[in-house]
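Using the working numbering, read the sequence shown as starting at 1352 and increasing by one per residue.
Virtual Cβ for every residue (Gly too), placed ideally from N, Cα, C.
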Amino acid sequence: MSCGDFVTSRNATEFRRPYHTAPQEAGRPPKEKWAPILPACENSRVDPFLISVPAACLVTGGVVAYGAAFPRAQLFGPTIFRTNSPRKLAITFDDGPNPAITPKLLDLLDRYQAKATFFLIGRFVRECPDLAKETVARGHAVGNHTESHRNLFKLGPAQVTVELRLCHNAIANTLGAPAKWFRPPYGFRNPWVIPTAQALGCKTVMWTLIPGDWLERPAEWLIRRMRPIAERAERKATGGQKAGTRGTGDVLCLHDGWHRELNADRTRTLAALEHWLPRWRDLGLQFVTMDEAVSASAA
Ligand SMILES: [Zn+2]
């Protein structure tokens, strides 16, 4: 039974009672009209369940939604969503490898000596093993982004294990070593997702900024959406950062692929990085893999 069912069944017993009695005519009983009860503040007959149960459902639903989707939530297990130094910027890419974009992206990152982390889809790793190998050979880290990019929030523990295990095997068999990092598709988690990743030796990575580079918007729009990275770097350089973010840096979530098919167009992502990489470098940011993002070495 859902919360909605429960409320409806209790309402059904209360639906009708007389709300108006017509003036009594001499010698005749009073006429009654019948209508639904409308709740009134002072009405002592309003059952507290009618308020408390839906309120509890709303609160519970809100907490679950927060834990399942909010990047910084730790409700369903520990996640890493920022680096350990304001000078470290961890750029991450999801949904590849993608033959149409990833090679160009690797060249662009090389130009700025930038290292990044690529969260790979297992079935694309099988289709493009050489590109996955090339990514690692260029000094980048890779992570598990599941076999087929399903919404894990909707899956039970067995299905979650299959999604993570197949990608884990694809990466290990192709690259000779398993991934140490994991990012859930859409960022959605449930109580089984992070423990399953941990059982495979992976830490779960979220982000501080996800600018929406999959949307059909001009590159200028995406460039504006990525401006907070530079603004934070400037604030931290002047000691004006917000409380709670001192000593930490950003994890940026971009996409070099599309989970539905290979060869998706991500040229806007490339254009935005061509704009920002030199500017971020001039602000003193260092572009690190997730391994470096949490390592003890100071940037
Ligand atoms: Zn994804």
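Measure the alpha-carbon distance for residue i versus residue j and round it to whole angstroms.
i, j, result
"D1601", "N1614", "28 Å"
"G1527", "A1622", "33 Å"
"A1492", "G1447", "13 Å"
"N1435", "R1586", "16 Å"
"T1372", "W1543", "Any reading at T1372 must be qualified, since the residue scores a pLDDT of 36, below 50, and its modelled position is unreliable; no value is offered."
"H1500", "T1486", "20 Å"
"S1646", "D1607", "25 Å"
Answer with buried or exposed for residue i, where buried requires no fewer than 16 other C-beta atoms within 10 angstroms of its C-beta.
i, result
"L1563", "The sequence shown places Gly at residue 1563, rather than the Leu named in the question. Looking at its Cβ environment, which holds fewer than 16 other Cβ atoms inside 10 Å, G1563 is exposed."
"D1461", "exposed"
"Q1637", "buried"
"G1413", "exposed"
"L1566", "exposed"
"M1577", "buried"
"N1541", "buried"
"A1509", "exposed"
Looking at residue j and residue i, is the spacing between their C-beta atoms short of 9 Å?
i, j, result
"G1507", "A1420", "no"
"I1431", "M1557", "yes"
"K1554", "W1532", "yes"
"T1443", "R1534", "yes"
"N1495", "L1459", "no"
"V1639", "L1440", "yes"
"L1603", "I1561", "yes"
May I ask which residues mark the beginning and end of the alpha helix (DSSP H) holding residue i?
i, result
"T1453", "1453-1462"
"N1524", "1508-1526"
"Q1549", "1544-1550"
Need the endpoints of the beta strand (DSSP E) that residue i sits in, please.
i, result
"I1442", "1439-1447"
"G1473", "G1473 -> not in any beta strand (DSSP E); alpha helix (DSSP H) instead, spanning 1473-1478."
"L1603", "1602-1606"
"A1530", "First-last for A1530: undefined, no H or E at that position."
Exercise answer, beta-carbon shell around ligand 1 heavy atoms below 5 Å: Selection output, chain order preserved: D1445, D1446, P1536.
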